[in-house]
Amino acid sequence: MTVQQARPVPNRAVGIASERVDGREKVTGLATYAAEHRDLQLDDPLHAWMVTSTIARGRVLRVDASAALALPGVERVLDHENAPRAASTDDRELAVLQDDRVGFRGQIVALVLAETPEAAREGARLVSVHYDAEPATVTLDAAGEDDFYAPEQVNAGHETDLEQGDVEAGLAGAAVRVEGRYSTPAEHNSPMEPHAATARWDGSVLTMYDSTQAVHAVAATLAPILGLEQSQLRVLAPYVGGGFGSKGLPHAPEVAAAMAAMAVEGRPVKLVVTRQQMFALTGYRPETISHVRIGAEPDGRIVALEHAAIGGTSRIKEYAEQTATAARMMYAGEHRRTTHRVAALDVAVPSWMRAPGEMPGMFALEVALDELAEACGVDPVDLRVRNEPELDPETGNPYNDRRLVECLQRGAERFGWADRPTSPQAIVDGDWWVGTGVASATYPTLWMPGNTARITADEDGRYGVAIGAVDIGTGARTVLAQIAADALDVDVASIDLAIGDTDLPAATVAGGSAGTGSWGTAIVQAAQQFRADHGDTPDPGVQTTGTAESYPDSVGHALHSFGATFAEVRVHRWTGELRVTRLLGVYSVGRVINPTTARSQFLGGLIMGLSGALFEESVRDSRFGHVVTQDLATYHVASHADVRGLEVDWLDEEDHLATPMGSRGVGEIGIVGTAAAIANAAHHATGVRVRDLPLTADLFLDVPPLP
Numbered sequence: 000m001t002v003q004q005a006r007p008v009p010n011r012a013v014g015i016a017s018e019r020v021d022g023r024e025k026v027t028g029l030a031t032y033a034a035e036h037r038d039l040q041l042d043d044p045l046h047a048w049m050v051t052s053t054i055a056r057g058r059v060l061r062v063d064a065s066a067a068l069a070l071p072g073v074e075r076v077l078d079h080e081n082a083p084r085a086a087s088t089d090d091r092e093l094a095v096l097q098d099d100r101v102g103f104r105g106q107i108v109a110l111v112l113a114e115t116p117e118a119a120r121e122g123a124r125l126v127s128v129h130y131d132a133e134p135a136t137v138t139l140d141a142a143g144e145d146d147f148y149a150p151e152q153v154n155a156g157h158e159t160d161l162e163q164g165d166v167e168a169g170l171a172g173a174a175v176r177v178e179g180r181y182s183t184p185a186e187h188n189s190p191m192e193p194h195a196a197t198a199r200w201d202g203s204v205l206t207m208y209d210s211t212q213a214v215h216a217v218a219a220t221l222a223p224i225l226g227l228e229q230s231q232l233r234v235l236a237p238y239v240g241g242g243f244g245s246k247g248l249p250h251a252p253e254v255a256a257a258m259a260a261m262a263v264e265g266r267p268v269k270l271v272v273t274r275q276q277m278f279a280l281t282g283y284r285p286e287t288i289s290h291v292r293i294g295a296e297p298d299g300r301i302v303a304l305e306h307a308a309i310g311g312t313s314r315i316k317e318y319a320e321q322t323a324t325a326a327r328m329m330y331a332g333e334h335r336r337t338t339h340r341v342a343a344l345d346v347a348v349p350s351w352m353r354a355p356g357e358m359p360g361m362f363a364l365e366v367a368l369d370e371l372a373e374a375c376g377v378d379p380v381d382l383r384v385r386n387e388p389e390l391d392p393e394t395g396n397p398y399n400d401r402r403l404v405e406c407l408q409r410g411a412e413r414f415g416w417a418d419r420p421t422s423p424q425a426i427v428d429g430d431w432w433v434g435t436g437v438a439s440a441t442y443p444t445l446w447m448p449g450n451t452a453r454i455t456a457d458e459d460g461r462y463g464v465a466i467g468a469v470d471i472g473t474g475a476r477t478v479l480a481q482i483a484a485d486a487l488d489v490d491v492a493s494i495d496l497a498i499g500d501t502d503l504p505a506a507t508v509a510g511g512s513a514g515t516g517s518w519g520t521a522i523v524q525a526a527q528q529f530r531a532d533h534g535d536t537p538d539p540g541v542q543t544t545g546t547a548e549s550y551p552d553s554v555g556h557a558l559h560s561f562g563a564t565f566a567e568v569r570v571h572r573w574t575g576e577l578r579v580t581r582l583l584g585v586y587s588v589g590r591v592i593n594p595t596t597a598r599s600q601f602l603g604g605l606i607m608g609l610s611g612a613l614f615e616e617s618v619r620d621s622r623f624g625h626v627v628t629q630d631l632a633t634y635h636v637a638s639h640a641d642v643r644g645l646e647v648d649w650l651d652e653e654d655h656l657a658t659p660m661g662s663r664g665v666g667e668i669g670i671v672g673t674a675a676a677i678a679n680a681a682h683h684a685t686g687v688r689v690r691d692l693p694l695t696a697d698l699f700l701d702v703p704p705l706p
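Per numbering that gives the first Met the number 0, the sequence shown starts with residue 0, numbered consecutively.
Written as structure tokens, this is what we have:
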């Protein structure tokens, strides 16, 4: 049933720094991940290994599996001619082994099933695939005019284009104008646990242990493809080793694992995506190019702003990054225009990566703001304060609680911003230029309806709380128990939480910084209805199940979180090497439910932003369409040696317009603006303005002295 609108809950457990309830299992190795499950139902598994295409576009003429099938241990080789038939092939990314068409380099063209992983891998090497290759376009640089188009909408349902006022007239009349081209490369998520699944079909029910951010979404997506009722597909994800968005949507390997299990009824199948295969089969952040134009008064107050974004997508399935949307609401100004265009390429399908849209878009906008501050001779912090809007420029609605200025001012005080010299190259420490930079951060307060929670009274004053949410390592198990404890007015120790299973009530994805808020609201509503139905001393066994369909006032208010990132960067005068010696993030995110897990999320976001600023770049071979940097040796992510001083802080607040807990999401805002703060600091150190990520050493060689 749908229960009453949730009321704000008192904070007894919420707000307390608590250790992760699953910490011991993880550090002792007792936590079982998708490819590690073994029980009577999953004993004696076959191991699947994917054979992937070596062309970017064309047809498979023939799959010769004779050598593979002759290898001891190899049981089956599935291809487009003998694989189980899908009931639906509308989603071409998920139409695995259904026809001979090849849409990108790295597409699954055969699947080897063997008794051991070693036999499966060797068998895959022995499969010979013959192709009819066709000309392919795999990079934005090679895209022709006919390849670009305006999508109907961009990610998260945003309008493709939006214009307010007269941008050209505003720019023409502005006293100060800045204009630049900014770019971010394709980037790939690299969670510690690769994508993996263990599946078993018993003739009536398919059971799958999956490394996913949303068990119910996997079941809902795969069931119609496999010709099953959703009740015939059980998906479990008790532990997930990270995702960052890449596991937010089902991908082709999950379909492959399910089809393999159905092909060998009664025997489980384990499929683990290799690190190299993840660069083609599990999504990625697409390359973006932004053209930003800003016109302002002499004191830096923005008159007109344009953010025109382009990016790549796959020809077989569209994904359009919402790169320019933050420019619609971030700063004041009468005239603004934001547009998105994508190029259809013969490449793997892009998808979510932490703060999709906001991360690349705010890099462009916040570096352009730094250039405007320099052109106007205004301090970069003061410039942002001067452009603070009273109402949301995009909707005209009041903000829920916009406290960006406080974040900027608190951060400036903590960082020692007042002592910052105004001109670049002002600080030299031995062989190092030293500079500081700032950027704003923002992320929308997303909330997903349709989450269902079940509250059950157990013996001895304990309560069972069940919801099909997934903890991908963020601490959901811990914070949901805290929320339930406050909603039921009991100690956390009295809560028995069950998550990560489609046999539990439905839950939406762990993504969009919306998981805790959406799931927590459902738990609060169900708990409050439970108390109304059963009182404070319920009989054991009574329960209430409720679905949260509404809570935030998303129509009457503009719901966003804000933050400010400050960076100190050292650039070696002779080698161009960059080192980020200090990062400080200050955030306004409503009530922080658990300071321990929230701090971890903020720090992780800062580190991921640093990694994107300095290192991460997926390089695609323009001839053959594959990602050359398809391992962690050539695709470098920030390691211990790259990370120096990190600090995070947040404002003490509660936002009951957003959730009954007073909280907003914390998972993604930490990455937003971080790369821009680092780029701005590198400019302050050297006088060299770099508008393209990553900031590599060659870009800072031979820095000319400023006049």
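Heads up, the beta-carbon is just placed ideally off N, CA and C, and yes, glycines get one too.
Values in this document were obtained by computation on a predicted structure and should not be read as measured data.
1. What separation, rounded to the nearest whole angstrom, lies between the Cα atoms of residue 506 and residue 412?
2. Report the partner residues of residue 595 according to the DSSP bridge assignment.
3. In chain order, what residues of the same chain lie with their CB nearer than 7 angstroms to the CB of residue 68, ignoring the 5 residues before and after it?
4. Decide if residue 301 is buried, meaning its Cβ has at least 16 other Cβ atoms within 10 Å, or exposed.
5. For the pair the stretch 85-100 and the stretch 13-23, tell me if three or more CB-CB distances fall below 8 angstroms.
6. On the three-state DSSP scale, how would you describe residue 316?
7. Going along the chain, which residues of its own chain have a beta-carbon closer than 6 angstroms to the beta-carbon of residue 543, five neighbours each way excluded?
8. Are residue 513 and residue 664 close, meaning C-beta to C-beta below 8 angstroms?
9. Looking at residue 516 and residue 451, is the spacing between their C-beta atoms short of 8 angstroms?
10. Less than 8 angstroms between the CB atoms is what I'm expecting for residue 475 and residue 494, so what's the real figure, rounded?
11. At which residues does the alpha helix (DSSP H) containing residue 172 begin and terminate?
12. Hey, how far is the Cα of residue 656 from the Cα of residue 399?
13. Checking 8 angstroms against the spacing of the C-beta atoms, do residue 605 and residue 584 come in under that value?
14. Starting from residue 443, trace the alpha helix (DSSP H) both ways and give me its first and last residue.
15. Return yes when the Cβ of residue 650 is within less than 8 angstroms of the Cβ of residue 406, no when it is not.
16. Restricting to Cα atoms, I'd like to know which of 442, 73, 360 and 370 is closest to residue 680.
17. Going by the DSSP bridge assignment, what does residue 543 pair with across the sheet?
18. Roughly how many angstroms lie between the CA atoms of residue 99 and residue 63, to the nearest whole one?
19. Hey, quick one: how far does the beta strand (DSSP E) through residue 339 stretch, first residue to last?
20. Please classify residue 230 as buried or exposed, where buried requires at least 16 other C-beta atoms within 10 Å of its C-beta.
21. Is the beta carbon of residue 247 closer than 8 angstroms to that of residue 473?
22. May I ask you to report which of helix, strand or coil DSSP gives residue 276?
23. Measuring only the C-alpha atoms, how far is residue 210 from residue 387?
24. How would you call residue 258, buried or exposed, if buried means at least 16 neighbouring beta carbons within 10 angstroms?
25. Residue 251 lies in the alpha helix (DSSP H); which residues open and close that run?
26. Under the three-state reduction of DSSP, which class applies to residue 288: helix, strand or coil?
27. According to DSSP, simplified to helix, strand and coil, what is residue 102?
28. Looking at the structure shown, is residue 632 part of a helix, part of a strand, or coil, going by DSSP?
29. Among residues of its own chain, excluding the 5 on either side of residue 509, which ones have a beta-carbon nearer than 6 angstroms to its beta-carbon?
30. Distance, Cα to Cα, residue 191 vs residue 420?
31. Could you name the residues of the same chain whose beta carbon sits closer than 8 angstroms to that of residue 685, not counting the 5 residues immediately before and after it, in chain order?
32. Would you call the stretch 563-581 and the stretch 617-627 in contact, with 3 or more CB pairs under 8 angstroms?
33. Is there contact between the stretch 36-51 and the stretch 98-114, where contact requires at least three CB pairs shorter than 8 angstroms?
34. Can you give the Cα-Cα distance for residue 477 and residue 138, rounded to whole angstroms?
Reading from the atomic positions:
1. Taken atom to atom, the span from the alpha-carbon of residue 506 to that of residue 412 is near 41 angstroms.
2. DSSP, once it has assigned bridges, lists no residue as partnering residue 595.
3. Cβ neighbours of residue 68 beyond the five flanking positions: 76.
4. So residue 301 counts as buried.
5. No: the two stretches stay apart, fewer than three of their Cβ pairs being nearer than 8 angstroms.
6. It is coil, neither helix nor strand.
7. Cβ within range, chain order: 454, 525, 528, 529 and 532.
8. Against a cut-off of 8 angstroms, the Cβ pair of residue 664 and residue 513 comes out as a contact.
9. No, these two residues do not count as a Cβ contact at 8 angstroms.
10. In this structure residue 475 is not in contact with residue 494, their Cβ atoms being roughly 13 angstroms apart against a cut-off of 8 angstroms.
11. Segment 166-172, the alpha helix (DSSP H) holding residue 172.
12. So the alpha carbons of these two residues sit roughly 7 angstroms apart.
13. Contact flag set, yes.
14. Going by DSSP, residue 443 is part of no alpha helix (DSSP H) but of the beta strand (DSSP E) stretching over 431-443.
15. For residue 406 and residue 650, yes; Cβs fall inside 8 angstroms.
16. From the listed residues 442, 73, 360 and 370, the smallest Cα separation to residue 680 is found for 370.
17. When beta bridges are read from the DSSP output, residue 543 appears opposite 454.
18. Taken atom to atom, the span from the alpha-carbon of residue 99 to that of residue 63 is near 14 angstroms.
19. Per DSSP, residue 339 belongs to the beta strand (DSSP E) from 334-344.
20. A residue is called buried once 16 or more other Cβ atoms fall within 10 Å of its Cβ, and residue 230, having fewer, is exposed.
21. Contact check for residue 473 against residue 247 fails: the beta carbons are separated by 8 angstroms or more.
22. Residue 276: coil per DSSP, three-state reduction.
23. Rounded to whole angstroms, residue 210 and residue 387 show a C-alpha spacing of 42 angstroms.
24. Buried: at least 16 other Cβ atoms inside 10 Å.
25. Segment 251-262, the alpha helix (DSSP H) holding residue 251.
26. The three-state secondary structure of residue 288, taken from DSSP, is strand.
27. It is coil, neither helix nor strand.
28. The answer is coil: DSSP assigns residue 632 none of H, G, I, E or B.
29. Cβ contact annotation for residue 509 (same chain, cutoff 6 angstroms, sequence separation greater than five): 212, 469 and 471, in chain order.
30. About 41 angstroms.
31. Hits under 8 angstroms: 423, 424, 432, 434, 570, 699 and 702.
32. The stretch 563-581 is not in contact with the stretch 617-627.
33. Short answer: they touch.
34. So the two alpha carbons sit approximately 43 angstroms from each other.
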